[in-house]
Amino acid sequence: MQGIINRAKELIDRYNTGESIKIMEVCGSHTMAISKYGLRQILPPNIKLISGPGCPVCVTAQNEIDASISLASQGVTIATFGDLVRVPGNDSSLQEERAKGKDVRVFYSPLDALDYAMANPSKEVVFIGIGFETTIPSVAMTIKEAYTKKIKNYSVYCLHKTMPKALEALVVNGSDIQGFLLPGHVSAITGSTIYNFLVDKYNIGGVVSGFEATDILMSVVMILKNLKDPKIEIQYKRVVKEEGNTEAQRLMDEVFEESDAEWRGLGMIEGSGLKIREKYSEYDAEKKFNIKKPNSRTEIKGCRCGDVLKGLITPKQCPLFGKACTPLNPVGPCMVSSEGSCAAYYKYGE
Amino acid sequence: MDKVLMSHGGGGSMMQSFISEIFIEKFNNEYLSQMEDAALLPGKTVFTTDSFVVKPIFFSGGDIGRLAICGTVNDISMRGAKPLFLSASFIIEEGFPIDDIKKIVDSMVDAANEAGVQIVTGDTKVVEKNSADGIFINTAGIGILYDEAYASIKNGKPGDVVIISGTIGDHGMAVMGDREGLDFDPPLLSDVAPLNKMVEKLMTLKDAVKILRDPTRGGVAEVLYEIASMSNVGIKIYEDKLPVKMNVKSACSMLGIDYLHLANEGKLVCVVDKDYAYKALEIMKEDKYGKDAAIIGEIDSSGLVTIDTIYGTNRIVDRPIGELLPRIC
Chain P
203 MQGIINRAKE
213 LIDRYNTGES
223 IKIMEVCGSH
233 TMAISKYGLR
243 QILPPNIKLI
253 SGPGCPVCVT
263 AQNEIDASIS
273 LASQGVTIAT
283 FGDLVRVPGN
293 DSSLQEERAK
303 GKDVRVFYSP
313 LDALDYAMAN
323 PSKEVVFIGI
333 GFETTIPSVA
343 MTIKEAYTKK
353 IKNYSVYCLH
363 KTMPKALEAL
373 VVNGSDIQGF
383 LLPGHVSAIT
393 GSTIYNFLVD
403 KYNIGGVVSG
413 FEATDILMSV
423 VMILKNLKDP
433 KIEIQYKRVV
443 KEEGNTEAQR
453 LMDEVFEESD
463 AEWRGLGMIE
473 GSGLKIREKY
483 SEYDAEKKFN
493 IKKPNSRTEI
503 KGCRCGDVLK
513 GLITPKQCPL
523 FGKACTPLNP
533 VGPCMVSSEG
543 SCAAYYKYGE
Chain U
7 MDKVLMSHGG
17 GGSMMQSFIS
27 EIFIEKFNNE
37 YLSQMEDAAL
47 LPGKTVFTTD
57 SFVVKPIFFS
67 GGDIGRLAIC
77 GTVNDISMRG
87 AKPLFLSASF
97 IIEEGFPIDD
107 IKKIVDSMVD
117 AANEAGVQIV
127 TGDTKVVEKN
137 SADGIFINTA
147 GIGILYDEAY
157 ASIKNGKPGD
167 VVIISGTIGD
177 HGMAVMGDRE
187 GLDFDPPLLS
197 DVAPLNKMVE
207 KLMTLKDAVK
217 ILRDPTRGGV
227 AEVLYEIASM
237 SNVGIKIYED
247 KLPVKMNVKS
257 ACSMLGIDYL
267 HLANEGKLVC
277 VVDKDYAYKA
287 LEIMKEDKYG
297 KDAAIIGEID
307 SSGLVTIDTI
317 YGTNRIVDRP
327 IGELLPRIC
């Protein structure tokens, strides 16, 4: 292993011009991997890896969190991915609701949530649909299957977001980024062409990277190599094809359509979210339960998750980091989620 | 927070502060404040208790019955004591299948025979449907020190060597795999086993054995943090030396879980004087449950728990907090 790492270091040195380079990763698994492998220790000091809005829990807006929590108190069964249960809302969290006796269940896959609904027809099961293109196809599949099988007690609260428009918002708002480490799992579904606008409109390149230490280092090499002539390339070729997974794309498109979405830190971004198409509206929890997003405070006092998500500051530059905000008592979602950059910095002592 | 959360029982730092604030402060006495896996009482007697609520009740590689015996046998063993007598209490939900209870009891008998302990007292309560989930078992046990009270969580000194008795995370991932329906070839299997025979042989090294700890809930990471804090030292481990089965590693990377956080039910972490490290390793490897034993690190004076990664970098070991939750992406 050390040999491959040394080879990557040599290549980085070869293409390193010495000028300050910021490379942003926009996938929670990359954020964790970089900290866990200690990759910042390997890179020369002028090359900085900064974390962007890649953690699904972190970018979920505060009022969406609060709406999910208040839905739990309406007597429905909340089905959710693990991380979300711990995120603090305005005055509760899903795990606190569960402790009060509300039915909050953690599922690894939305298909398990649908199975649970089918096995428990007396319960009204609402799946909280968060996440990017990695999770969206499987949620689409549950809606389609529920429709086909005429399941009446399952619905999805759709809070899904898609990556390209958020990247554009970051670039337009002037984040100083010279290259993107593009998400491997998301791109396995979407393909890599969705990022072409970064080069065409903004002259910034990116590399779709895998998740091993060598994947990430080689992707950095590819970004450095193309700095003068930016490109969108795929390093993670063993999984990602340029055209992506067309079957999954078709499924997503059949069930969902584009909508506007609010991101924590980035605000409302046009066309960056999804909503459930009219054909499947009976599976849209927002309509079924008339969910109104409350007027939540937009930011938690002192918490700079928003600036962390935009890559404007590193977690350590937040005044609450490691003091008022720790994984044990998280203030903001970037510390709660196992994919959050604050959690990564704290856990691995960066 | 005015209600107990699942994280308060997850074996991480949240549970530690919960226990010390709610229980230790009020119950406080010289035996409890030893803060060991088992209390050392007058007359070289060692006493401990543990409750078992595992779901599913029958899991890959074991069941709640074997777990209930091994858990208590191992906690007594971790003080360098020979486990002798156990109690067994059952809280059973109305409607629970009698055949399942018979299977659980058979499994308890097998484990007790293997460990050489007797179940000498017990209790049975049946509660109304929905007041408990299937069956809960509590066991308590007493044992006698093999020799002197050599092994204690407070004994670590810089230079000592850290050994694990085998592969990491098998039990935690087997149970999680059952819950999530993960199918691996070879299958994920719990390591649940009594370790008293291994400890009996280890204790022939007397005070060279500084610390014995079974890394159950919270996993190896939490045990390392407890050692660092109670012995007031630091610990450095080496990633390339950690024994982890390939299927456990794959499942961890799939679910986004650190294997150092996964529970083990048939492994011990042993801190030994460095001059006896290879002797201790040899003893472990000779045991039925120790063939994958490995030296994984050393005690230092940094005050931190760190890992040298296979990439030539060094970082803090992530301390588990509460519930283990699979990540989304």
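Chains as they are written, first to last, in the working numbering: chain P, 203 to 552; chain U, 7 to 335.
Every residue, glycine too, gets a C-beta built ideally from N, C-alpha and C.
Between the options, which lies nearest to residue i when the distance is taken from Cα to Cα?
| i | options | result |
| --- | --- | --- |
| residue 225 (chain U) | U:278, U:40, U:250, U:154 | U:250 |
| residue 184 (chain U) | U:252, U:122, U:65, U:109 | U:65 |
| residue 464 (chain P) | P:332, P:481, P:338 | P:332 |
| residue 471 (chain P) | P:226, P:262, P:253, P:242 | P:262 |
| residue 381 (chain P) | P:449, P:353, P:435, P:417 | P:435 |
| residue 256 (chain P) | P:405, P:547, P:363 | P:363 |
| residue 338 (chain P) | P:361, P:357, P:356 | P:361 |
| residue 198 (chain U) | U:106, U:75, U:287 | U:75 |
| residue 526 (chain P) | P:503, P:251, P:490 | P:503 |
| residue 80 (chain U) | U:118, U:113, U:107 | U:118 |
| residue 68 (chain U) | U:176, U:93, U:95 | U:176 |
| residue 459 (chain P) | P:539, P:236, P:475, P:406 | P:475 |
| residue 288 (chain U) | U:208, U:305, U:232, U:313 | U:208 |
| residue 148 (chain U) | U:155, U:160, U:135, U:125 | U:125 |
| residue 87 (chain U) | U:157, U:275, U:231, U:295 | U:157 |
| residue 233 (chain U) | U:11, U:162, U:180, U:16 | U:162 |
| residue 321 (chain U) | U:327, U:116, U:310, U:328 | U:310 |
In chain P, which residues lie with their C-beta within 8 angstroms of the C-beta of residue i?
| i | result |
| --- | --- |
| residue 9 (chain U) | 298, 301, 302 |
| residue 262 (chain U) | 231, 234, 540, 541 |
| residue 84 (chain U) | Simply none; closest approach about 26 angstroms. |
What are the boundary residues of the alpha helix (DSSP H) that includes residue i?
| i | result |
| --- | --- |
| residue 212 (chain U) | No alpha helix (DSSP H) holds residue 212 (chain U); DSSP gives it neither H nor E. |
| residue 508 (chain P) | 507-511 |
| residue 124 (chain U) | It is not in any alpha helix (DSSP H) - residue 124 (chain U) instead sits in the beta strand (DSSP E) that spans 124-133. |
| residue 258 (chain U) | 252-261 |
| residue 456 (chain P) | 448-457 |
| residue 254 (chain P) | No alpha helix (DSSP H) holds residue 254 (chain P); DSSP gives it neither H nor E. |
| residue 108 (chain U) | 104-121 |
| residue 347 (chain P) | 338-350 |
| residue 518 (chain P) | Per DSSP, residue 518 (chain P) belongs to no alpha helix (DSSP H) and is neither H nor E. |
| residue 234 (chain P) | 230-239 |
| residue 301 (chain P) | 296-301 |
| residue 549 (chain P) | 543-549 |
Cβ closer than 9 angstroms: which chain U residues qualify as neighbours of residue i?
| i | result |
| --- | --- |
| residue 498 (chain P) | Correct list: empty, because the minimum Cβ distance to chain U is about 20 angstroms. |
| residue 204 (chain P) | 316, 317, 318 |
| residue 318 (chain P) | None at all; the shortest Cβ gap to chain U is about 12 angstroms. |
| residue 471 (chain P) | Within 9 angstroms Cβ-Cβ: nothing; residue 471 (chain P) doesn't reach chain U, min ~19 angstroms. |
| residue 330 (chain P) | Going along chain U, no residue has its Cβ under 9 angstroms from residue 330 (chain P), so there is no contact; the nearest lies around 11 angstroms. |
Closer than 7 angstroms by beta-carbon distance: list the chain U residues that pair up with residue i, in chain order.
| i | result |
| --- | --- |
| residue 270 (chain P) | The premise fails here: residue 270 (chain P) is roughly 14 angstroms from chain U at the closest Cβ pair, so nothing lies under 7 angstroms. |
| residue 226 (chain P) | Simply none; closest approach about 16 angstroms. |
| residue 530 (chain P) | 19, 20, 327 |
| residue 243 (chain P) | 319 |
Grab the span of the beta strand (DSSP E) containing residue i for me, first residue to last.
| i | result |
| --- | --- |
| residue 54 (chain U) | 51-58 |
| residue 534 (chain P) | Element bounds for residue 534 (chain P): n/a, residue is neither H nor E. |
| residue 357 (chain P) | 356-360 |
| residue 470 (chain P) | 469-478 |
| residue 99 (chain U) | 87-99 |
| residue 269 (chain U) | Note, residue 269 (chain U): premise wrong, no beta strand (DSSP E); not H, not E. |
| residue 80 (chain U) | First-last for residue 80 (chain U): 70-83, but that is the alpha helix (DSSP H), not the beta strand (DSSP E). |
Mind reading off the beta-carbon distance from residue i to residue j? Whole number of angstroms is fine, and I expect it under 8 angstroms.
| i | j | result |
| --- | --- | --- |
| residue 84 (chain U) | residue 223 (chain U) | So it is not a contact: roughly 14 angstroms between Cβ atoms. |
| residue 558 (chain P) | residue 411 (chain P) | In the structure as shown, chain P starts at 203 and stops at 552, and residue 558 (chain P) therefore has no counterpart that could be examined. |
| residue 247 (chain P) | residue 334 (chain P) | Actually they do not touch by this definition, with Cβ atoms about 31 angstroms apart. |
| residue 202 (chain U) | residue 121 (chain U) | 5 angstroms |
| residue 301 (chain U) | residue 167 (chain U) | 6 angstroms |
| residue 38 (chain U) | residue 30 (chain U) | 7 angstroms |
| residue 114 (chain U) | residue 71 (chain U) | 4 angstroms |
| residue 306 (chain P) | residue 315 (chain P) | The pair is not a contact, with the Cβ atoms about 12 angstroms apart (cut-off 8 angstroms). |
| residue 299 (chain U) | residue 172 (chain U) | 6 angstroms |
Between residue i and the ligand SAH, is the CB less than 8 angstroms from at least one heavy atom?
| i | result |
| --- | --- |
| residue 255 (chain P) | Only the bare structure without any ligand can be found here, which leaves the ligand SAH out of the picture. |
In chain P, which residues lie with their C-beta within 7 angstroms of the C-beta of residue i?
| i | result |
| --- | --- |
| residue 320 (chain U) | 240 |
| residue 324 (chain U) | 549, 550 |
| residue 252 (chain U) | What residue 252 (chain U) touches in chain P: nothing, since even the nearest Cβ is about 15 angstroms away. |
| residue 12 (chain U) | 297 |
Residues of chain U with CB closer than 8 angstroms to the CB of residue i, please, in chain order.
| i | result |
| --- | --- |
| residue 223 (chain P) | Simply none; closest approach about 20 angstroms. |
| residue 207 (chain P) | 317, 318 |
Closer than 7 angstroms between beta carbons: that is the criterion. Which residues of the segment 177-198 of chain U meet it against chain P? 186
If you measure beta-carbon to beta-carbon, which residues of the segment 410-440 of chain P are closer than 7 angstroms to chain U? Per Cβ criterion, the list reads 415.
Closer than 7 angstroms between beta carbons: that is the criterion. Which residues of the segment 374-407 of chain P meet it against chain U? 387
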